[in-house]
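Trainee:
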Amino acid sequence: MRETLVLNASFEPLATVSLRRAVVLVMQDKAVVEQAHPGLRIRASAVEVPVPRVIRLSRYVRVPFRRQAPWTRRGVLVRDRHRCAYCGRRATTVDHVLPRSRGGADSWLNTVAACAEDNHRKADRTPEQAGMRLLTRPFEPTPSESLLFALGADSRAALPSWPAQPA
15 MRETLVLNAS FEPLATVSLR RAVVLVMQDK AVVEQAHPGL RIRASAVEVP VPRVIRLSRY
75 VRVPFRRQAP WTRRGVLVRD RHRCAYCGRR ATTVDHVLPR SRGGADSWLN TVAACAEDNH
135 RKADRTPEQA GMRLLTRPFE PTPSESLLFA LGADSRAALP SWPAQPA
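Under this note's numbering, the first residue of the sequence shown carries the number 15, and numbering increases by one thereafter.
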């Protein structure tokens, strides 16, 4: 399912939503399409809407300041690009570097994406005890980085060009 970036009325990124939710916001005049997928349109009997990549809310939404991106299993997989931290193959599970049974927490710095085989092989041990080494170290993404990861972008350069902010 395609993800659509939602911008506040002030052009600051807020979240990513499904294509369906983005179209509903546009149809209800709660948002406008800032950037669409070239050549793609959604058609109904009386309406034709471009497939949105980026939408901007029509009214400003006040958002509380968030210092940390919330930890989620999906967030860990996206942060690690669905690659196993032990062998580099496709990851489908999340592994705790310090197992939960030994006091390890569900946190950005204690979890990595792992393939099922390596997760099972490591079991209830630390990587050192299991004789495994991490190819990449876990890190805590900022809220804006987690939005970029959700969109599949490695950096700001990979984002579409933004419309000029109104003066």
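We treat Cβ as the ideally placed atom computed from N, Cα and C, and that holds for glycine.
#1: Where do the ends of the alpha helix (DSSP H) carrying Q82 lie?
#2: Under the assumption that G102 contacts H110 (Cβ atoms under 8 Å), give the Cβ distance between them as a whole number of angstroms.
#3: Reducing DSSP to helix, strand and coil, say where L173 ends up.
#4: Return yes when the Cβ of V47 is within less than 8 Å of the Cβ of I56, no when it is not.
#5: Specify the secondary structure class of V75 as computed by DSSP and reduced to three states.
#6: Along the chain, where does the beta strand (DSSP E) that runs through D109 open and close?
#7: Return the residue from the list P27, P155, E17, T156 that minimises the CA-CA distance to V77.
#8: Quick one, which of A137, E17, R97 has its alpha-carbon nearest M146's?
#9: Please return the same chain residues whose Cβ sits closer than 8 Å to the Cβ of R104, not counting the five positions on each side in sequence.
#10: Helix or strand or just coil, what does DSSP make of R67?
#11: I think L123 touches E154, with their Cβ atoms under 8 Å apart; what is that distance to the nearest whole Å?
#12: With 16 other CB atoms within 10 Å as the buried threshold, where does V20 fall?
#13: By DSSP, does H96 sit in helix, in strand, or in coil?
#14: Measuring CA to CA, which of S121, E131, W85, P84 is closest to T107?
#15: Measuring alpha carbon to alpha carbon, tell me which of T140, R135, A45, P141 ends up nearest R73.
#16: Just to confirm my understanding: we take R135, look at its own chain, exclude 5 residues before and 5 after, and list those with CB closer than 6 Å. What are they?
#17: Assign R143 to one of three DSSP states: helix, strand, or coil.
Mentor: Answer, in terms of the structure:
#1: Looking at the DSSP string, Q82 is not in any alpha helix (DSSP H), and its letter there is neither H nor E.
#2: The pair is not a contact, with the Cβ atoms about 19 Å apart (cut-off 8 Å).
#3: Because L173 carries a pLDDT of 49, less than 50, the predicted location of this residue cannot be relied on, and the following value inherits that uncertainty. Correct three-state label for L173: coil.
#4: no
#5: Three-state result, V75: coil.
#6: 107-110
#7: Residue P27 is the option with its Cα nearest to V77.
#8: Between M146 and the set A137, E17, R97, the nearest pair of CA atoms involves A137.
#9: H96, R97, C98, C129
#10: Residue state, collapsed to three classes: strand.
#11: 6 Å
#12: buried
#13: In the structure shown, H96 sits in coil (DSSP, three-state: anything other than H, G, I, E or B).
#14: E131
#15: A45
#16: none
#17: Contrary to the premise, residue 143 reads as Gln rather than Arg in this sequence. Q143: helix per DSSP, three-state reduction.
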